[in-house]
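In the numbering used here, the protein residues as written are 1 to 932.
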């Protein structure tokens with residue numbers, strides 16, 4: 001080996017240290033899993049008997065042999081065990097394995113927190129995904145502190161919570177799991193005495209037993225407001241405290257060092273929500289539901305402010321004769337309705353009690369109940385900015401009178417919270433399908449213009465008519481016309497949005513999103529409906545952003561052309577200019593994947609971004625992209641940091657919105673420490689992608705051409721299987737749990753758009769979720785292997801070395817393959833083969849599963865060849881260990897699910913059969929972590 005290739009002694013020591021650290025992390029994780037597994041085992045033995053416990057162990061060990069070695073005798077043994085169990089036994093076995101999946105997740109999350117702390121305490125170089133590293137890189141690149149402040153002044157990073165139904169856990173079980181996590185955390189942080197350790201063991205046993213005796217499934221269907229309440233719980237867990245904390249920590253970093261521009265950082269992290277505003281395919285989201293959603297959001301944030309003020313008042317016990325106060329503070333104290341003699345010489349407390357009284361009056365104005373009465377009556381605040389201004393008076397007084405350290409405590413975080421959350425808490429988007437808008441506008445125009453048939457007009461005629469109507473000051477609606485129920489409902493939502501602006505401020509509902517946007521008229525129709533509610537006026541001012549959502553492959557390909565036409569239109573451009581010359585565009589990952597497959601979806605999204613960046617630069621309009629990513633790779637999921645920094649140059653530009661969906665919300669934001677880390681990742685990636693990535697939007701043209709060819713080949717393979725193979729829909733419905741998923745009470749929205757079994761009509765979420773359950777994960781890889789094979793045949797001169805260069809040099813391609821690596825590692829062709837046996841048509845089963853098996857093998861082979869790995873996840877040892885730890889408990893759930901599906905489809909009347917299937921769905925979803 002040449003000297004240049006030989007690792008140095010320092011590198012060898014570093015490598016050995018990293019290996020030793022990884023082994024230690026692995027040992028501690030295994031210890032936690034064993035601890036929880038032992039307690040669960042004891043609970044099963046105590047509650048269900050030794051025979052059930054012994055059966056669980058026998059199934060687990062047989063499953064390990066089957067999964068590890070594809071051992072055929074083990075498969076037969078497993079089938080004999082499962083066939084010999086009663087339905088009652090089966091349900092108890094399923095509960096044991098499902099709860100183990102949940103407890104393993106708790107241990108894994110605690111291990112991740114432990115590693116974050118260790119990295120933080122080690123004092124070494126900052127790691128990717130942290131603001132420390134992003135700021136270090138920015139400064140190394142010559143970006144000054146002043147430039148960084150300017151960047152954040154116009155930046156926007158917005159995680160948007162949605163109620164997409166992939167979270168199978170009840171809040172009751174999430175709460176118990178959080179209790180167990182807190183107990184593990186305390187054992188980690190505190191040096192317990194033997195008595196305390198025994199007490200901790202008992203608390204863990206109590207929590208696990210409570211979990212065992214808690215319904216793992218919801219017995220009733222969730223309403224939209226149930227979903228709202230569930231979403232709001234994450235504000236208590238994480239957002240209300242950690243969003244301000246992140247801003248304050250970043251502000252301190254920017255104020256450090258020579259030449260730092262001292263001052264406050266503009267708030268850039270804005271929480272968004274679809275829960276209670278997303279009407280696309282959900283008939284239960286109405287104007288009244290939206291009003292109640294906004295009221296619940298406001299209630300949550302106002303109560304938080306009032307509680308913080310109450311504690312702040314107790315903390316600010318500063319006496320007037322011991323601490324000077326500003327003139328403004330003195331005036332604020334004098335206006336307080338607090339007449340208590342005990343606070344006569346405590347101006348800060350008087351000021352706080354006066355603010356509390358005004359905020360309580362504001363809560364009453366907004367119809368929000370409060371738990372603690374104010375000291376007296378006061379005028380309500382008209383806007384959150386007035387509340388913030390009063391807090392600023394206290395802050396400035398403390399700073400100017402040598403009490404900075406007090407000002408930097410609770411008061412600092414409360415001021416930042418008010419700036420981030422206002423009186424609305426989260427920015428609620430309203431969303432509807434373009435077809436519904438089209439029908440609504442058609443009814444209004446046809447009623448207002450006798451003889452008109454809007455639906456009969458072509459696109460150009462519609463554009464001309466809509467533009468004319470936008471300039472017309474007369475309303476289209478008439479109180480003398482009886483409109484359809486759908487039109488009345490749509491108009492009511494827009495009027496409710498206008499009411500919300502008046503009541504909570506324009507930030508309460510800043511976006512209106514158009515699903516399945518296919519043309520210019522789709523955008524103008526929404527502008528016209530907003531005009532009817534007074535949110536757009538004839539002079540060309542808009543109080544709300546009109547956002548197209550491009551979802552299918554065809555729509556992604558047309559997106560640049562559509563936006564170019566819109567921004568060229570005088571009437572529409574005036575609306576954009578009235579919004580600060582910023583136009584948001586949403587890109588749909590889920591439907592494009594179902595439409596064209598994983599490879600083509602990823603490529604068409606990337607191409608669409610390149611095209612949009614070019615169009616927006618030409619029109620001098622700022623582009624803000626909203627990424628509609630799911631939890632699974634088949635719906636655009638994967639590590640957020642990698643996804644953001646892999647965007648083409650100019651696509652982030654300081655502003656990004658990203659959906660957080662289903663089980664991903666709870667995995668990221670149930671724990672405040674993990675939540676803060678995930679928020680920091682989004683902020684750091686946005687900073688890096690905006691300031692440190694090349695400004696040109698496309699890499700080497702050769703790379704683009706190769707990717708285009710790979711995409712076309714993968715598209716052909718995917719469409720050939722899913723949409724062009726006769727009987728594929730029958731295969732899908734027979735070999736997955738798609739029917740049974742619909743029986744789970746995990747969301748308020750129906751699973752299909754229409755009552756058919758066509759793949760085209762199925763929503764993307766149950767499509768991906770079903771393939772995850774049978775462990776094929778087909779939407780996350782199918783078509784890749786055959787595409788690479790065909791491309792190499794067509795390009796023997798370039799071949800595999802060129803694809804390896806693509807992987808090394810191009811973040812987009814590297815991220816694409818990294819996500820596929822994770823998906824394939826979670827798949828199991830052996831287990832999938834058992835689901836294939838559920839298809840009654842032998843020829844159909846063998847033909848389709850044979851194709852799937854060959855493509856699976858080819859995709860793994862090509863992936864490993866391109867990446868240079870010897871096995872899947874070789875480059876991600878943490879995830880590799882995670883999967884290795886959980887599969888012995890996950891695989892039996894699949895085997896039992898198959899047996900229960902056979903019983904259910906044979907019309908077994910025992911209600912425990914369906915319940916057992918539902919529990920397996922819960923457990924498998926927990927074991928896979930990002931299955932929808």
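Cβ coordinates follow ideal geometry from the N, Cα and C atoms, glycine included.
Helix, strand or coil: which one does DSSP assign to residue 282?
coil
Taking only runs of the alpha helix (DSSP H) that begin and end inside the segment 129-213, which ones reach a length of at least 4 residues, in chain order?
131-140, 145-153, 171-189, 194-212
Proximity winner among 324, 353, 342, relative to residue 333 (alpha-carbon distances):
Nearest option by C-alpha distance: 353.
Distance check for residue 449 and residue 234, CA to CA, integer angstroms please.
49 Å
Look at the alpha carbon of residue 46 and the alpha carbon of residue 216, and state the distance between them as a whole number of angstroms.
19 Å
To the nearest angstrom, how far is it from the Cα of residue 313 to the Cα of residue 639?
42 Å
To which residues of the same chain is residue 127 closer than 7 Å at the C-beta, ignoring the five residues directly before and after it?
119, 133
Along the beta strand (DSSP E) that carries residue 586, what are the first and last residues, could you check?
Its beta strand (DSSP E) spans residues 582-588.
Rounded to whole angstroms, what is the Cα-Cα separation between residue 511 and residue 547?
7 Å
Where the beta strand (DSSP E) through residue 940 begins and ends
Residue 940 lies beyond the range of the chain shown here (1 to 932); nothing can be said about it.
Distance, Cα to Cα, residue 153 vs residue 918?
48 Å
In the structure shown, what three-state DSSP assignment does residue 63 receive?
Of the three classes helix, strand and coil, the one that applies to residue 63 here is helix, per DSSP.
When we look at the beta-carbon of residue 626 and count the other beta-carbons within 10 Å, is it buried (16 or more) or exposed?
buried
If you reduce the DSSP assignment to three classes, tell me which class residue 926 lands in.
In the structure shown, residue 926 sits in a helix (DSSP, three-state: H, G or I).
By Cβ distance, which residues of its chain are closer than 6 Å to residue 939, with the 5 residues on each side in sequence left out?
Only positions 1 to 932 of the chain appear in the structure, and residue 939 is not among them; the question remains open.
Closest by C-alpha distance to residue 345, when choosing among 325, 356, 283, 472
325
Neighbourhood of residue 443 by C-beta distance below 7 Å, restricted to the same chain and skipping five residues each side
483, 484, 487
Quick one: Cα of residue 64 to Cα of residue 887, how far?
For the pair residue 64 and residue 887, the Cα-to-Cα distance works out to about 8 Å.
May I ask whether a heavy atom of the ligand MN can be found less than 6 Å away from the beta carbon of residue 498?
With respect to small molecules bound, the structure shown includes none, and the ligand MN cannot be examined in it.
In the DSSP output, which residue or residues are listed as bridge partners for residue 934?
The structure shown does not extend to residue 934, since the chain spans only 1 to 932, so no value can be given for it.
Endpoints, the alpha helix (DSSP H) within which residue 892 is located
877-905
Suppose you measure from the CA of residue 430 to the CA of residue 422; what does that come to, to the nearest Å?
Cα-Cα distance, rounded: 19 Å.
Could you give the C-beta distance for residue 629 and residue 589, rounded to a whole number, given that I count them as a contact under 8 Å?
5 Å
Going straight from the alpha carbon of residue 634 to that of residue 513, what length do you get?
Summary for residue 634: the model assigns pLDDT 42, below 50, so the residue's position carries little reliability; its value from the coordinates is reported in the next sentence. Cα to Cα, residue 634 sits roughly 23 Å from residue 513.
Quick test of your reading: residue 377 and residue 337, contact by CB under 8 Å. State the CB separation rounded to the nearest angstrom.
6 Å
Neighbourhood of residue 392 by C-beta, 8 Å cutoff - its chain only, sequence neighbours within 5 removed:
415
Measuring only the C-alpha atoms, how far is residue 292 from residue 225?
8 Å
Less than 7 Å between the C-beta atoms of residue 889 and residue 100, yes or no?
Contact annotation: residue 889 and residue 100 have beta-carbon atoms nearer than 7 Å.
Is residue 799 closer than 7 Å to residue 862 when the C-beta atoms are compared?
It is not a contact, given that the beta carbons lie outside the stated cut-off.
Which word fits residue 480, buried or exposed, when buried means at least 16 other C-beta atoms lie within 10 angstroms of its C-beta?
Exposed, by the Cβ-count rule.
Take residue 287 and list the residues in its own chain whose beta-carbon comes closer than 6 Å to its own, dropping the five residues that flank it on each side.
The residues are 492, 493, 496.
Backbone secondary structure at residue 870 - three-state DSSP
coil
Looking at the structure shown, is residue 511 part of a helix, part of a strand, or coil, going by DSSP?
Of the three classes helix, strand and coil, the one that applies to residue 511 here is strand, per DSSP.
From the DSSP output, in three-state form, read off residue 268 for me.
Annotated three-state conformation of residue 268 is coil, per DSSP.
Where DSSP assigns a beta bridge to residue 547, which residues make up the other side?
513
Residue range of the alpha helix (DSSP H) that includes residue 471
459-471
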